[in-house]
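So the sequences go chain by chain: A and B.
Per the numbering used here, the very first residue in the first sequence carries number 2; after that it's consecutive.
Per the numbering used here, the very first residue in the second sequence carries number 2; after that it's consecutive.
We treat Cβ as the ideally placed atom computed from N, Cα and C, and that holds for glycine.
Read the structure below first, then the notes.
2 protein chains.
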Amino acid sequence: MSDSDAARHRARMQARKAVQDAEVARKTIEKGLLMVNTGRGKGKSTAGFGLLLRMLGHERRCGVVQFIKGQWQTGERAALARFDDLLDWHVMGEGFTWETQDRARDIAAAQRAWARATAMMQEPALALLVLDELNIALRYGYLDTEAVVAALQARPPALHVLITGRNAPAALIAAADLVTEMTPVKHHFDAGVKAQPGIEF
Amino acid sequence: MSDSDAARHRARMQARKAVQDAEVARKTIEKGLLMVNTGRGKGKSTAGFGLLLRMLGHERRCGVVQFIKGQWQTGERAALARFDDLLDWHVMGEGFTWETQDRARDIAAAQRAWARATAMMQEPALALLVLDELNIALRYGYLDTEAVVAALQARPPALHVLITGRNAPAALIAAADLVTEMTPVKHHFDAGVKAQPGIEF
Numbered sequence: 002m003s004d005s006d007a008a009r010h011r012a013r014m015q016a017r018k019a020v021q022d023a024e025v026a027r028k029t030i031e032k033g034l035l036m037v038n039t040g041r042g043k044g045k046s047t048a049g050f051g052l053l054l055r056m057l058g059h060e061r062r063c064g065v066v067q068f069i070k071g072q073w074q075t076g077e078r079a080a081l082a083r084f085d086d087l088l089d090w091h092v093m094g095e096g097f098t099w100e101t102q103d104r105a106r107d108i109a110a111a112q113r114a115w116a117r118a119t120a121m122m123q124e125p126a127l128a129l130l131v132l133d134e135l136n137i138a139l140r141y142g143y144l145d146t147e148a149v150v151a152a153l154q155a156r157p158p159a160l161h162v163l164i165t166g167r168n169a170p171a172a173l174i175a176a177a178d179l180v181t182e183m184t185p186v187k188h189h190f191d192a193g194v195k196a197q198p199g200i201e202f
Numbered sequence: 002m003s004d005s006d007a008a009r010h011r012a013r014m015q016a017r018k019a020v021q022d023a024e025v026a027r028k029t030i031e032k033g034l035l036m037v038n039t040g041r042g043k044g045k046s047t048a049g050f051g052l053l054l055r056m057l058g059h060e061r062r063c064g065v066v067q068f069i070k071g072q073w074q075t076g077e078r079a080a081l082a083r084f085d086d087l088l089d090w091h092v093m094g095e096g097f098t099w100e101t102q103d104r105a106r107d108i109a110a111a112q113r114a115w116a117r118a119t120a121m122m123q124e125p126a127l128a129l130l131v132l133d134e135l136n137i138a139l140r141y142g143y144l145d146t147e148a149v150v151a152a153l154q155a156r157p158p159a160l161h162v163l164i165t166g167r168n169a170p171a172a173l174i175a176a177a178d179l180v181t182e183m184t185p186v187k188h189h190f191d192a193g194v195k196a197q198p199g200i201e202f
């Protein structure tokens with residue numbers, strides 16, 4: 002690279018850093034975030050487990066309530082067993098609804114899971130609560146969206162909550178601080194690749 | 002819910018399960034996936050750490066090479082220290098380019114990190130390699146995209162590789178099995194909320 006290229010690069014990087022520093026200086030609020038990972042793409046729950054990991058690395062207490070997944074063993078659950086000192090994990094336990102085919106039982110299970118979530122939200126030491134696939138329970142009408150959003154808004158102000166699942170309802174998106182849509186650009190299932198350990202479970 | 006509602010619900014769930022079973026039966030291929038998390042939204046690297054966690058839960062060996070982040074301590078790194086028995090973590094170590102403002106040094110650092118990545122790809126026991134922010138190194142021209150894609154395609158066939166970062170190049174997307182775009186629907190930085198421990202680092 003020539004000296005003038007190097008000088009141009011340095012000037013560009015300095016300008017970028019100045020913009021970034023100014024942006025950082027404008028951001029002064031600290032608060033518990035209401036976060037939503039939605040969309041049809043892969044990575045909604047996976048990013049939730051990554052976020053747990055990040056918070057656990059700061060030695061803060063975390064909780065997970067899984068609204069749809071059943072009791073089967075997954076890689077993430079086995080791995081997070083190494084954080085039993087900091088992490089409280091609760092599975093709704095009825096498995097996917099199309100396995101059980103009993104709406105009344107699904108509703109009762111979702112309501113038990115939600116009761117657990119609201120109890121966990123009151124634990125003063127909790128830093129992050131992940132409500133995995135809560136959006137699915139809302140989508141099927143297993144829980145009342147308005148009541149759920151109101152309870153989330155009334156949570157302790159420092160508590161971070163992440164909600165995952167397709168089809169996040171509009172009222173939840175309106176209430177959230179951070180909403181990310183995971184969009185599949187290309188998916189290996191479409192090419193006939195099966196679900197594999199460590200990737201899908 | 003009335004009996005007829007319940008019957009309709011059951012029929013819908015049965016139909017959905019039949020579709021799902023047929024889909025699962027069509028997916029028979031097992032292979033190492035080339036995966037890309039890109040887009041401007043939050044969750045690209047975070048989902049990468051979640052994927053590591055999932056694979057580590059299956060007691061499989063994993064590797065991480067971070068192409069942009071420097072040596073500072075993050076929550077994810079502290080947490081993943083509990084997996085030292087299974088995880089090999091390498092940081093390029095020069096920090097963000099707009100801090101160093103030295104393109105030649107950045108290129109040399111990116112090339113060292115890439116050499117490390119290609120060496121890790123040859124370890125027979127490795128199940129998953131995460132190349133965090135490799136897209137940024139490609140975007141800045143620190144590495145040659147064509148050579149990188151060729152090396153990725155020549156990797157051992159069972160090895161899963163995940164590449165993160167904005168602006169994934171077209172040649173990488175073309176070569177990938179799974180590409181997810183993380184799109185910000187709403188971001189708390191825009192509302193003046195600062196980066197917080199456990200959420201951003």
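Check	Outcome
Nearest-angstrom beta carbon gap, residue 177/A and residue 52/A [assumed within contact, 8 angstroms]	Not really, about 14 angstroms apart at Cβ, beyond 8 angstroms.
Cα-Cα separation, residue 137/A to residue 185/B	21 angstroms
Whole-Å CB distance - residue 47/B paired with residue 166/B, under 8 angstroms assumed	Not quite, the Cβ-Cβ distance comes to about 13 angstroms (not below 8 angstroms), so this is no contact.
Pick from 160/A, 192/A, 144/A and 104/A that is closest to residue 197/B, judged by C-alpha positions	160/A
Sub-8 angstroms separation of residue 210/B and residue 158/B beta-carbons	The question about residue 210/B has no answer, for chain B in this structure spans 2 to 202.
Proximal chain A residues relative to residue 29/B, where beta-carbon distance stays under 8 angstroms	193 and 195
Any C-beta of chain B under 8 angstroms from that of residue 134/A	no
Contact between the region 169-176 of chain A and the region 15-22 of chain A (3+ Cβ pairs under 8 angstroms)	no
Residue 121/B to residue 132/B span [Cα, whole Å]	11 angstroms
Best match in 154/B, 192/B, 56/B and 93/B for proximity to residue 123/B [C-alpha to C-alpha]	154/B
Through-space distance from residue 5/B to residue 66/B, alpha-carbon basis	56 angstroms
Outcome for residue 142/B when other beta-carbon atoms lying within 10 angstroms are tallied against a minimum of 16	exposed
For residue 161/B, the three-state DSSP class (helix, strand or coil)	strand
Neighbouring residues, chain A, relative to residue 178/B (Cβ below 9 angstroms)	187, 188, 189, 192 and 194
6 angstroms CB neighbourhood of residue 90/B in its chain, flanking five on each side removed	65
Distance cut-off 7 angstroms: residue 171/B Cβ against heavy atoms of the ligand HEM	With respect to small molecules bound, the structure shown includes none, and the ligand HEM cannot be examined in it.
Interfacial residues, the region 39-68 of chain B to chain A, with Cβ spacing under 9 angstroms	39, 40, 42, 43, 44, 45, 46, 47, 48, 49, 50, 51, 52, 53, 54, 55, 56, 57, 58, 59, 60, 61 and 63
Contacts of residue 121/A in chain B (Cβ-Cβ under 7 angstroms)	Chain B residues near residue 121/A: none, gap ~16 angstroms exceeds 7 angstroms.
Beta-carbon gap between residue 84/A and residue 127/A smaller than 8 angstroms	no
Residue 75/A to residue 54/A span [Cα, whole Å]	16 angstroms
Residue 41/A classed as buried or exposed, judged by whether at least 16 other C-beta atoms fall within 10 angstroms	exposed
Residues that DSSP places opposite residue 64/B in a beta bridge	89/B and 130/B
Residue 9/A versus 202/B, 114/B, 7/B and 103/B, residue with shortest Cα-Cα distance	103/B
Residue from 148/B, 169/B and 190/B with nearest C-alpha to residue 180/A	190/B
Proximal residues, the region 8-19 of chain A versus chain B, C-beta separation under 8 angstroms	10, 11, 14, 15, 17 and 18
CA-to-CA distance, residue 59/A to residue 170/A, given in whole angstroms	31 angstroms
Within 8 angstroms, strictly: CB atoms of residue 164/A and residue 135/A	yes
Residue 93/A: contacting residues in chain B (beta-carbon distance under 9 angstroms)	Near residue 93/A there are no residues of chain B at all, since even the closest Cβ is about 16 angstroms away, more than 9 angstroms.
Best match in 23/B, 114/B, 30/B and 43/B for proximity to residue 139/B [C-alpha to C-alpha]	114/B
Listed by chain order, chain B residues near residue 109/A by CB distance under 8 angstroms	Those within 8 angstroms of residue 109/A in chain B number zero; the least Cβ separation is about 12 angstroms.
8 angstroms Cβ cutoff, residue 164/A in contact with chain B	no
Closest residue to residue 188/A among 44/A, 149/A and 129/A (Cα-Cα distance)	44/A
Within 8 angstroms, strictly: CB atoms of residue 112/B and residue 81/B	no
Residue 200/B, DSSP secondary structure in three states	coil
Spatially closest choice to residue 26/A from 200/B, 193/B, 24/B and 69/B, by CA coordinates	193/B
DSSP state of residue 174/B mapped onto helix, strand, coil	helix
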